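Chains as they are written, first to last, in numbering that gives the first Met the number 0: chain A, 0 to 346; chain B, 0 to 381. Positions of the beta carbon are idealized from the N, C-alpha and C atoms, including for glycine. Remember, it's a predicted structure, so these values are computed and weren't measured experimentally.
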Amino acid sequence: MRVVVIGAGVIGLSTALCIHERYRSVLPSLDMRVYADRFTPLTNTDVAAGLCQPYLSDPRNPQEADWNQQTFDYLLSHVHSPNAANVGLALVSGYNLFHEAIPDPSWKNTVLGFRTLTPRDLDMFPDYSYGWFNTSLIVEGRRYLQWLTERLTERGVKFFQKKVESFEEVARGGADVIINCTGVWAGSLQPDPLLQPGRGQIIKVDAPWMKHFIITHDPEKGIYKSPYIIPGIQAVTLGGIFQLGNWSEVNNIQDHNTIWEGCCRLEPTLQDAKIVAELTGLRPVRPQIRLEREQLRFASSNTEVIHNYGHGGYGLTIHWGCALEAAKLFGKVLEERKLLKMPPPHL
Amino acid sequence: MQLKLPGMVSTALDQPLTGKTSVGARAFCGFQDCFSRLRSMDPVRIAVVGAGVVGLSTAMCVSKLVPRCSITVISDKFSPDTTSDVAAGMLIPHVYPNTPIPTLKQWFRETFDHLFAIANSAEAKDAGVHLVSGWQIFRSIPAEEVPFWADVVLGFRKMTKAELKKFPQHVFGHAFTTLKCESPAYLPWLEKRLKGSGVLILTRRIGDLWELHPSFDVVVNCSGLGSRQLAQDSEMFPMRGQVLNVRAPWVKHFIRDGSGLTYIYPGTSNVILGGTRQQGDWNLSPDAEISRGIFSRCCALEPSLQGACDIREKVGLRPFRPAGVRLQTEFLAQDGRRLPVVHHYGHGSGGISVHWGTALEAARLVSECVQAPRTPTPKSNL
Chain A
0 MRVVVIGAGV IGLSTALCIH ERYRSVLPSL DMRVYADRFT PLTNTDVAAG
50 LCQPYLSDPR NPQEADWNQQ TFDYLLSHVH SPNAANVGLA LVSGYNLFHE
100 AIPDPSWKNT VLGFRTLTPR DLDMFPDYSY GWFNTSLIVE GRRYLQWLTE
150 RLTERGVKFF QKKVESFEEV ARGGADVIIN CTGVWAGSLQ PDPLLQPGRG
200 QIIKVDAPWM KHFIITHDPE KGIYKSPYII PGIQAVTLGG IFQLGNWSEV
250 NNIQDHNTIW EGCCRLEPTL QDAKIVAELT GLRPVRPQIR LEREQLRFAS
300 SNTEVIHNYG HGGYGLTIHW GCALEAAKLF GKVLEERKLL KMPPPHL
Chain B
0 MQLKLPGMVS TALDQPLTGK TSVGARAFCG FQDCFSRLRS MDPVRIAVVG
50 AGVVGLSTAM CVSKLVPRCS ITVISDKFSP DTTSDVAAGM LIPHVYPNTP
100 IPTLKQWFRE TFDHLFAIAN SAEAKDAGVH LVSGWQIFRS IPAEEVPFWA
150 DVVLGFRKMT KAELKKFPQH VFGHAFTTLK CESPAYLPWL EKRLKGSGVL
200 ILTRRIGDLW ELHPSFDVVV NCSGLGSRQL AQDSEMFPMR GQVLNVRAPW
250 VKHFIRDGSG LTYIYPGTSN VILGGTRQQG DWNLSPDAEI SRGIFSRCCA
300 LEPSLQGACD IREKVGLRPF RPAGVRLQTE FLAQDGRRLP VVHHYGHGSG
350 GISVHWGTAL EAARLVSECV QAPRTPTPKS NL
């Protein structure tokens, strides 16, 4: 049984690992490969700040709320292990700031220690009048992708650098199941008018005294268009850019200025911070994640495709829940093809 | 001409001390009776002994509170070689047995407010002051569930069950946000500001406070453990603390075991792991066995520390005084000479947490000393 995962960002690699962990033992013939034209550090995952925080509003697909929770719980169970830093995981606390009171988010009990801000907290942020404090997790994209790659390599999964032009090409190459984790470029394999790039630009600075994330919100502007500061393991990510429909992967000077001015206004100590990198990424924006099966017919055989793309700006936040769901779908494929020698493992 | 009395240690202070200050002090080549100076229009000459957090912050407070004075900070050790430099600088106060809680709370609040303003300004990075959140955890429910300082720090609350899951051996905890004041940055920052205000900084070892007479009119004794000799305070003893400085930049929260013996304090460039409290131990050399013990205790609370690197051992001798901080004016008298001394030492484990509050108090004592008229003593025959 040949499984080809297309895409080596967090979705591709975590889905690959999740499926391999669950099915290799009951499917000895499992031959899994990852095809991608970009690997870490050149994926969109590498640009992400990596803070686990879902959007404020409830997702269109209620399952996404479960997937967010599952991901958080899974990562939380790993953050207490000796290996946490190697995986790219850390606990981080911080502030969400608003111009007016808003209802608590549905994920308030998923994160740790959620509370609203006191007047003294708000004294630190004169432009804002309401907010939350909570403890969450960061998953550093680059480190996590390296860790996933190590785990997959240990398991004998092979990686191939190639630009896939069509599902047919992969099917005719011998793939029985294709896991489509092509993110923002999924449209090139199969047109999807619902999928658009949400261009983001970030500045990474050296500011090790910053121990908290600070995320501002401006409902009129929309998500990610208001300044945010997210400390990572080595550097601090400054952002606040979200441009729907913009495919440019090149850093833009006006965006740089918007980010810098917004973040320095929010946190004056950043003026002293040294810039270590500036990056652009394309969030794969979609009204909801496409996570479903599709059967394609090429020549005389059926090829199963499991789509797993369209995670917008919350890919790291939701990745493991989606991987578990994709693994469930994979299990169904195996059942239908009567390939399982034993009952499927309990997911 | 200065008279050298028998028993006086010869120091460079026997030489004229010259220097310019913006307050307009003249060169010292003194024979003056210090009290006629106190009534004259000449600036009062104040010596602050000690350049740890207590000495430098006291010099700062004196410079703001006492008009027409010239200040000289004198110490044998400066950052990074002071006791303060070893301390993590977490604003979590300690209790001094003879100090009323309201006083302690006032000192802590004044220090917190002072540092909070710095943390939120563009000076924060240079001054080494930043906010940090974390947890104080207990293996059994403490007698006092809400400490006196709960409303001084930010966002104080009890830990939730979900948060306590991280610490399976602990049943109760506090979560809050406080400040970290890192002396290796804070002390040089204070020093720079002091120099900018015309304060002189002198590297000298003082063996006896009388060495400062008659060059100075008032002495402020911030010599910490040195007061055992300088103030002949036999109650002072070291409370030895050993810590590890490690690189572990993924640790963003502090963790403190309720007893205070085991702690993890993340800072700007390293994480400080502690610690020990060894009464009466003067040994400044790190002990390898103790280091292993500290590392093991801290990894038990934060397993990811096993990936820490660049481990360095440090030792500091906390200036412990059983009666608590000594904030008191003493008029030294010997052979017809008088020297007012404001004592400001004995902060033990809690120096950085209350330094600004006690420095303000010390400055008030200096101010009283300077203003109060006194009967002049007769000039000695030279």
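Would you say residue i faces chain A, with C-beta separation under 8 Å as the test?
i, result
"G306(B)", "yes"
"P92(B)", "no"
"R156(B)", "yes"
"R248(B)", "Per the sequence presented here, residue 248(B) reads as Pro, with Arg not at that position. Judged by the 8 Å Cβ criterion, P248(B) is in contact with chain A."
"F27(B)", "Interpretation of F27(B) is limited by its pLDDT of 41, a score under 50 that renders its predicted location unreliable; no figure is taken from the coordinates."
"E144(B)", "no"
"S78(B)", "no"
"P187(B)", "no"
"A362(B)", "no"
"S21(B)", "At S21(B) the pLDDT is 37, less than 50, meaning the model places this residue with poor confidence and gives no usable figure here."
"L55(B)", "no"
"K194(B)", "no"
Going along chain B, which residues have a C-beta under 7 Å from residue i?
i, result
"D271(A)", "K124"
"I232(A)", "P248, W249"
"M0(A)", "Simply none; closest approach about 37 Å."
"V91(A)", "K251"
Of the choices the options, whose alpha-carbon is the least far from that of residue i?
i, options, result
"L201(B)", "L55(B), F171(B), F111(B)", "L55(B)"
"T354(A)", "E324(A), I101(A), K331(A)", "Outside the displayed range of chain A (0 to 346) lies residue 354(A), so it cannot be described from this structure."
"Y344(B)", "S196(B), M40(B), G51(B), V43(B)", "G51(B)"
"Y185(B)", "V340(B), T81(B), F175(B), A332(B)", "T81(B)"
"C51(A)", "C17(A), L41(A), V138(A)", "V138(A)"
"L382(B)", "I100(B), V131(B), E288(B)", "Residue 382(B) falls outside the range modelled here, since chain B spans only 0 to 381, and no answer is possible."
"N307(A)", "M31(A), L41(A), E63(A), D30(A)", "E63(A)"
"K157(A)", "A326(A), G320(A), D30(A)", "D30(A)"
"G49(B)", "V43(B), R239(B), I205(B), A174(B)", "I205(B)"
"D84(B)", "Q333(B), G335(B), F330(B), L316(B)", "L316(B)"
"P218(A)", "E99(A), I228(A), G140(A)", "E99(A)"
"R336(A)", "S105(A), Q294(A), G309(A), Y313(A)", "Q294(A)"
"K124(B)", "K273(A), I288(A), T215(A)", "K273(A)"
If you check the beta carbons only, do residue i and residue j fall under 8 Å apart?
i, j, result
"H346(B)", "P321(B)", "no"
"H342(B)", "A247(B)", "no"
"L283(B)", "V250(B)", "no"
"L300(B)", "T177(B)", "no"
"I70(B)", "A58(B)", "yes"
"V242(B)", "I263(B)", "no"
"A48(A)", "I202(A)", "no"
"G133(B)", "I254(B)", "yes"
"S366(B)", "S196(B)", "no"
"P93(A)", "I213(A)", "Checking the sequence shown, residue 93(A) turns out to be Gly, not Pro. Cβ distance < 8 Å, so G93(A) and I213(A) count as in contact."
"N368(A)", "I317(A)", "Shown here, chain A extends from 0 to 346; a query on residue 368(A) therefore has no answer."
"W188(B)", "A126(B)", "yes"
"V169(A)", "I5(A)", "yes"
To the nearest angstrom, how far is the alpha carbon of residue i from that of residue j?
i, j, result
"G29(B)", "R363(B)", "In this prediction, G29(B) has a pLDDT of 38, which is less than 50 and means its spatial position is unreliable; what the coordinates show is noted afterwards. C-alpha separation (whole angstroms): 26 Å."
"R292(A)", "G280(A)", "27 Å"
"E303(A)", "R198(A)", "31 Å"
"S135(A)", "R325(B)", "44 Å"
"M235(B)", "Q228(B)", "9 Å"
"Q327(B)", "G223(B)", "14 Å"
"S24(A)", "T109(A)", "32 Å"
"R311(B)", "D256(B)", "22 Å"
"H211(A)", "P167(B)", "25 Å"
"G323(B)", "D254(A)", "56 Å"
"C180(B)", "I136(B)", "22 Å"
"S397(A)", "V9(A)", "Residue 397(A) falls outside the range modelled here, since chain A spans only 0 to 346, and no answer is possible."
Residues of chain A with a CB under 8 Å from the CB of residue i: which are they?
i, result
"T159(B)", "L111, G112"
"T267(B)", "P207, W208"
"E162(B)", "L111, G112, T134"
Name, please, each residue of chain B whose Cβ falls closer than 9 Å to the Cβ of residue i.
i, result
"R59(A)", "Correct list: empty, because the minimum Cβ distance to chain B is about 28 Å."
"D103(A)", "What D103(A) touches in chain B: nothing, since even the nearest Cβ is about 15 Å away."
Along chain B, in chain order, which residues have C-beta atoms closer than 8 Å to that of residue i?
i, result
"T181(A)", "Going along chain B, no residue has its Cβ under 8 Å from T181(A), so there is no contact; the nearest lies around 31 Å."
Give a yes or no on whether 8 Å exceeds the smallest Cβ distance from residue i to chain B.
i, result
"N85(A)", "yes"
"S24(A)", "no"
"D45(A)", "no"
Starting from residue i, find everything on chain A with Cβ-Cβ shorter than 7 Å and list it in chain order.
i, result
"N119(B)", "M123"
"A174(B)", "G112"
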